[in-house]
Amino acid sequence: MDDLSLKDLARQHGTPLYVYSRRAMLAALAPYQAALQGRPHLVCFAVKSNSNLAVLQMFAQAGCGFDIVSAGELERVLAAGGDAGKVVFSGVGKARREMKQALEAGVRCFNVESTAELEVLSEVATQTGRTARVSLRVNPDVDAGTHPYISTGLKGNKFGVAHEVALATYRRAAELPGIEVVGIDCHIGSQITEIAPYLDALDRVLDLVESIESAGIPIHHLDLGGGLGITYTDETPPAADVLIGQLLAKIDARGHGHREIVFEPGRSLVGNAGVLLTEVMFLKPGEQKNFCVVDAAMNDLMRPALYEAYMGIVNTHQRAGAAETWDVVGPVCESGDWLGRDRALTVQSGDVLAVLSAGAYGMTMSSNYNTRGRAAEIMVDGSQSWVIRERETPADLFRHEHLLPR
Ligand code: LLP
Numbered sequence: 014m015d016d017l018s019l020k021d022l023a024r025q026h027g028t029p030l031y032v033y034s035r036r037a038m039l040a041a042l043a044p045y046q047a048a049l050q051g052r053p054h055l056v057c058f059a060v061k062s063n064s065n066l067a068v069l070q071m072f073a074q075a076g077c078g079f080d081i082v083s084a085g086e087l088e089r090v091l092a093a094g095g096d097a098g099k100v101v102f103s104g105v106g107k108a109r110r111e112m113k114q115a116l117e118a119g120v121r122c123f124n125v126e127s128t129a130e131l132e133v134l135s136e137v138a139t140q141t142g143r144t145a146r147v148s149l150r151v152n153p154d155v156d157a158g159t160h161p162y163i164s165t166g167l168k169g170n171k172f173g174v175a176h177e178v179a180l181a182t183y184r185r186a187a188e189l190p191g192i193e194v195v196g197i198d199c200h201i202g203s204q205i206t207e208i209a210p211y212l213d214a215l216d217r218v219l220d221l222v223e224s225i226e227s228a229g230i231p232i233h234h235l236d237l238g239g240g241l242g243i244t245y246t247d248e249t250p251p252a253a254d255v256l257i258g259q260l261l262a263k264i265d266a267r268g269h270g271h272r273e274i275v276f277e278p279g280r281s282l283v284g285n286a287g288v289l290l291t292e293v294m295f296l297k298p299g300e301q302k303n304f305c306v307v308d309a310a311m312n313d314l315m316r317p318a319l320y321e322a323y324m325g326i327v328n329t330h331q332r333a334g335a336a337e338t339w340d341v342v343g344p345v346c347e348s349g350d351w352l353g354r355d356r357a358l359t360v361q362s363g364d365v366l367a368v369l370s371a372g373a374y375g376m377t378m379s380s381n382y383n384t385r386g387r388a389a390e391i392m393v394d395g396s397q398s399w400v401i402r403e404r405e406t407p408a409d410l411f412r413h414e415h416l417l418p419r
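If you want it as structure tokens, here you go:
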């Protein structure tokens, strides 16, 4: 990765090990910024995709805002030097204490997902003596064509305010104390590889903006969410600047070119900038299946177990000889604990494998199942590397637990 050997990094820091390239992350951001240059905009990195402080610090320095979904993520952004004034707060279930904390920090906007949330936010804002700037997250009812667990813009989803009631909800927002309407928001799903669903959603959103403004409620910004997919295997998502170019063309054609544009990308900024390194512990050839038992597991990288997601796996050791077919599995006591199935690999025990495209929703979804400490994380840039998170020890894991009195 960059000018460094992943094999050496694994030897030096141990495995499982997440390694990210700063250059690759900034290179992924560049087309977003280039396409939006010259008009008011904000790229809000979706913290949930990779929340390491060093990653947030890098995006803050690059001028990004942040899309958060909890007070915990807000604290991370602030600890990393991010600006609360560039934070949008999404999520279907914000707690009162989280609303209060976000109001006190001065976040730029709450992306509100229901009338009930709106009423509570109004109460909390009034009690706190602050004004909550809000967008309503509207559900445009379009099919993003992605995995059902990560598709969010359809009617049956828990997300957002239904298109049909959006105008009424905006009217309610406009009359509530402590609430100031500033924008409109939608996010239709994740790992989207087509432009069409975005354009459909945009049309629906612009229809709403027109009726909301006709009702006398000004809309300042359009937040079009995140969701742009990446290549894990053979997907061919549009480049960010191509997607944005088409969205802006429609925005301009429909006479909305003066509005500020907000995006909330996560995966497309970090996914292909990271790998998970794992050492092969045992080879276990079998009658029906060959198992390659590695030291990373579903607790380190949950995407395969949870979504049957395909993540590329390559051997950092170039071995001669014919490839055999292996299921790459972890040590956790569940059959769902696999990282890759039926992979052609030439492999020996002791080899370091790299699970590709692991920069997004890898570390952030990891857990301590089986009392496994979470992996360390390394950032590289050119020939430099930094430890940006230390490996957890067992003592770290039970630090907050207590024995019963004797
Ligand atoms: N904005 C909102 C409101 C979101 O819910 C999400 C992701 C994003 C932005 C960023 O979406 P992205 O650009 O990363 O697609 N764990 C799943 C993905 C869950 C996405 C949740 N929401 C996975 O590993 O595929």
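Using the working numbering, read the sequence shown as starting at 14 and increasing by one per residue. Think of the CB as a built atom: it goes at the ideal place given N, C-alpha and C, for glycine as much as any other residue. As the structure is a computational prediction, the values presented were derived from the model and not from experiment.
Exposed unless 16 or more other CB atoms sit within 10 angstroms - verdict on residue i
i: residue 181; result: exposed
i: residue 417; result: exposed
i: residue 188; result: exposed
i: residue 209; result: exposed
i: residue 214; result: buried
i: residue 269; result: buried
i: residue 78; result: buried
i: residue 218; result: buried
i: residue 231; result: exposed
i: residue 252; result: exposed
i: residue 204; result: buried
i: residue 24; result: exposed
i: residue 130; result: buried
i: residue 145; result: buried
i: residue 370; result: buried
Nearest-angstrom Cα separation, counted from residue j out to residue i
i: residue 40; j: residue 70; result: 16 angstroms
i: residue 248; j: residue 287; result: 18 angstroms
i: residue 156; j: residue 367; result: 33 angstroms
i: residue 349; j: residue 174; result: 35 angstroms
i: residue 53; j: residue 301; result: 58 angstroms
i: residue 278; j: residue 380; result: 23 angstroms
i: residue 226; j: residue 260; result: 20 angstroms
i: residue 83; j: residue 110; result: 10 angstroms
i: residue 198; j: residue 62; result: 19 angstroms
i: residue 325; j: residue 37; result: 17 angstroms
i: residue 64; j: residue 89; result: 7 angstroms
i: residue 365; j: residue 412; result: 31 angstroms
i: residue 307; j: residue 43; result: 35 angstroms
i: residue 58; j: residue 354; result: 32 angstroms
i: residue 330; j: residue 346; result: 28 angstroms
i: residue 363; j: residue 339; result: 15 angstroms
i: residue 422; j: residue 191; result: For the chain, the structure presents residues 14 to 419; residue 422 sits outside this window and is missing.
i: residue 401; j: residue 72; result: 15 angstroms
i: residue 80; j: residue 297; result: 44 angstroms
i: residue 140; j: residue 134; result: 10 angstroms
i: residue 408; j: residue 419; result: 22 angstroms
i: residue 86; j: residue 112; result: 13 angstroms
i: residue 194; j: residue 107; result: 18 angstroms
i: residue 243; j: residue 415; result: 44 angstroms
i: residue 34; j: residue 304; result: 30 angstroms
i: residue 334; j: residue 293; result: 17 angstroms
i: residue 101; j: residue 327; result: 37 angstroms
i: residue 267; j: residue 383; result: 54 angstroms
Beta-carbon gap between residue i and residue j smaller than 8 angstroms
i: residue 202; j: residue 240; result: yes
i: residue 389; j: residue 358; result: no
i: residue 116; j: residue 92; result: no
i: residue 132; j: residue 105; result: no
i: residue 236; j: residue 178; result: no
i: residue 7; j: residue 406; result: An answer regarding residue 7 cannot be provided, because it is not within the stretch 14 to 419 covered by the chain.
i: residue 376; j: residue 343; result: no
i: residue 289; j: residue 314; result: yes
i: residue 372; j: residue 410; result: no
i: residue 398; j: residue 17; result: yes
i: residue 98; j: residue 76; result: no
i: residue 22; j: residue 264; result: no
i: residue 206; j: residue 250; result: yes
i: residue 165; j: residue 200; result: yes
Per DSSP, the bridge partner or partners of residue i
i: residue 172; result: In DSSP, residue 172 forms no bridge with anything.
i: residue 235; result: 197 and 274
i: residue 61; result: For residue 61, which the question treats as bridged, DSSP gives no partner whatsoever.
i: residue 54; result: 274
i: residue 390; result: 31 and 402
i: residue 291; result: 366
i: residue 192; result: 145
i: residue 426; result: The displayed coordinates of the chain run from 14 to 419. Any statement about residue 426 would go beyond what the structure contains.
i: residue 46; result: Beta-bridge pairing links residue 46 to no other residue.
i: residue 356; result: 339
i: residue 241; result: 205
i: residue 301; result: Per DSSP, none; premise fails for residue 301.
- Query: What are the complete beta strand (DSSP E) segments, minimum 3 residues, inside the region 205-233?
  - Reply: none
- Ordered list of beta strand (DSSP E) runs contained in the region 69-135, each at least 3 residues: Runs found: 78-81, 100-102 and 122-125.
- Item | Completely contained alpha helix (DSSP H) runs for the region 307-350, where each covers 4 or more residues | 316-320
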